[in-house]
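Asker: Quick one: this structure, given as structure tokens, is what I'll be asking you about.
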Amino acid sequence: GAGVSQSPSNKVTEKGKDVELRCDPISGHTALYWYRQSLGQGLEFLIYFQGNSAPDKSGLPSDRFSAERTGGSVSTLTIQRTQQEDSAVYLCASSPRGLAGDEQFFGPGTRLTVL
Amino acid sequence: SQELEQSPQSLIVQEGKNLTINCTSSKTLYGLYWYKQKYGEGLIFLMMLQKGGEEKSHEKITAKLDEKKQQSSLHITASQPSHAGIYLCGADSGGSNYKLTFGKGTLLTVNP
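Listed in order, the protein sequences are those of chains A and B. Sequential numbering from 1 applies to the first sequence in our numbering. Sequential numbering from 1001 applies to the second sequence in our numbering.
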């Protein structure tokens, strides 16, 4: 029973570069969430995947951010042309059914630093 | 949109002391979640409350949701250094609103 895993654990990149962050949810969980945690902003919702439904992208801060979930399992969050304000910890979570009231299980996060 | 305010922002206590962290919502809470986070780690689920007046306990941690479902408190009895970390409350608005909105967290330090 592995938990949610994320890679890399740390990523340092230069301004303007693209980065990809990976999330492996708990097997069998249909819902997957991305959150961002930055100083002074707390934890912010980014995007939500539920089964084969269209993802809820309402939390993505700009069109430089995108995410995919292949085969209903692994997800990749891509940030294009990174900016310094993108520096944050990116957390992925999964839940069994994606319903209100379901516990969300969080991964350890990817700490992104944009120089 | 729902906003959660946590207080205090930070707290330093001596080992063995009791403490309380509060989480107040701008809207009625449908599900209130408490998580703990240690630096560089993910969030560890503590408890979830859904019913007005509900109270849950796990080891030395007790969480309560008020009758009006707009405020929750997290109480730690006889604190230990292992309780140190950031405590976050999160809330969903019920129905199909599956996203969690989080407070900014309370940083707890427990001095031995």
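Each residue gets a CB set at the ideal place from its N, CA and C atoms; glycine is no exception.
Scan the segment 1001-1051 of chain B and note each continuous beta strand (DSSP E) run of 3 residues or more that stays entirely inside, going in chain order.
Answerer: DSSP runs (the beta strand (DSSP E)) wholly in the segment 1001-1051 of chain B: 1004-1007, 1010-1014, 1019-1025, 1031-1037 and 1043-1049.
Asker: How about A/Glu44: is its C-beta nearer than 9 Å to some C-beta of chain B?
Answerer: For this step, residue 44 of chain A is matched to residue 44 along the first sequence. Chain B, which has a Cβ nearer than 9 Å to the Cβ of A/Glu44, makes this yes.
Asker: Measure the alpha-carbon distance for A/Pro8 versus B/Lys1068 and round it to whole angstroms.
Answerer: Along the first sequence, one-based indexing puts residue 8 of chain A at 8. Along the second sequence, one-based indexing puts residue 1068 of chain B at 68. Approximately 43 Å between the Cα atoms of the pair.
Asker: Just the chain A side, please: which residues come within less than 8 Å of B/Gln1050 by C-beta, in chain order?
Answerer: As a first step, residue 1050 of chain B must be located in the second sequence, where it is residue number 50. Result: Gly101.
Asker: Is there a Cβ from chain A that is less than 9 Å from the Cβ of B/Asn1059?
Answerer: Here residue 1059 of chain B refers to the residue found at position 59 of the second sequence. Just to set this straight, residue 1059 of chain B is Glu in the shown sequence, not Asn. Closer than 9 Å: no.
Asker: Would you grab the beta carbon distance between B/Asn1111 and B/Gln1014 for me? Rounded to a whole angstrom, and I think it's under 8 Å.
Answerer: As a first step, residue 1111 of chain B must be located in the second sequence, where it is residue number 111. As a first step, residue 1014 of chain B must be located in the second sequence, where it is residue number 14. The pair is a contact, with the Cβ atoms about 5 Å apart (cut-off 8 Å).
Asker: On the DSSP bridge assignment, give the partners of A/Asn10 in chain order.
Answerer: Taking the first sequence and counting its residues from 1, the one referred to as residue 10 of chain A is at position 10. In the DSSP output, where bridge partners are listed per residue, A/Asn10 has A/Arg111.
Asker: Across the segment 104-112 of chain A and the segment 43-52 of chain A, are there enough close Cβ pairs to call them in contact, namely three or more that are closer than 8 Å?
Answerer: Segments in contact, no.
Asker: Take every Cβ of the segment 1069-1079 of chain B, pair it with every Cβ of the segment 1013-1030 of chain B, and state whether three or more of those distances are shorter than 8 Å.
Answerer: Contact between the segment 1069-1079 of chain B and the segment 1013-1030 of chain B is present, because at least three Cβ pairs lie under 8 Å.
Asker: Consider the Cβ of A/Gly109: report whether some Cβ of chain B lies at a distance smaller than 9 Å.
Answerer: Position 109 of the first sequence, counted from the start, is the residue given in the question as residue 109 of chain A. Yes, because at least one Cβ of chain B sits closer than 9 Å to the Cβ of A/Gly109.
Asker: Return helix, strand or coil for A/Thr70, following the three-state DSSP convention.
Answerer: One-based indexing of the first sequence puts residue 70 of chain A at position 70. If DSSP states are grouped into helix, strand and coil, A/Thr70 belongs with the helices.
Asker: Tell me whether B/His1058 sits in a helix, a strand or coil according to DSSP, three-state version.
Answerer: If you number the second sequence from 1, residue 1058 of chain B lands on position 58. In this structure, B/His1058 counts as strand in the three-state DSSP scheme.
Asker: Alpha carbon to alpha carbon, how far is B/Cys1023 from A/Leu91?
Answerer: For the purposes of this step, residue 1023 of chain B is identified with residue 23 of the second sequence, where counting begins at 1. For the purposes of this step, residue 91 of chain A is identified with residue 91 of the first sequence, where counting begins at 1. Answer to the nearest angstrom: the Cα atoms are 22 Å apart.
Asker: If B/Tyr1087 sits next to B/Ile1012, beta carbons under 8 Å apart, how far is it from one beta carbon to the other, in whole angstroms?
Answerer: Walking along the second sequence from the start, residue 1087 of chain B turns up at place 87. Walking along the second sequence from the start, residue 1012 of chain B turns up at place 12. Incorrect: roughly 14 Å between the Cβ atoms, too far for contact.
Asker: So if I threshold CB-CB distances at 9 Å, which residues from the segment 1055-1083 of chain B count as touching chain E?
Answerer: Among the protein chains of the structure shown, namely A and B, there is no chain E.
Asker: Count Cβ pairs between the segment 52-61 of chain A and the segment 1026-1042 of chain B that sit closer than 8 Å; are there 3 or more?
Answerer: These segments do not touch.
Asker: For the beta strand (DSSP E) containing A/Ser75, list its first residue and its last residue.
Answerer: The sequence position of residue 75 of chain A within the first sequence is 75, counting from 1. Element bounds for A/Ser75: Ser75 to Ile79.
Asker: Residues of chain B with a CB under 7 Å from the CB of A/Tyr90: which are they?
Answerer: The residue given as residue 90 of chain A occupies position 90 in the first sequence. Correct list: empty, because the minimum Cβ distance to chain B is about 11 Å.
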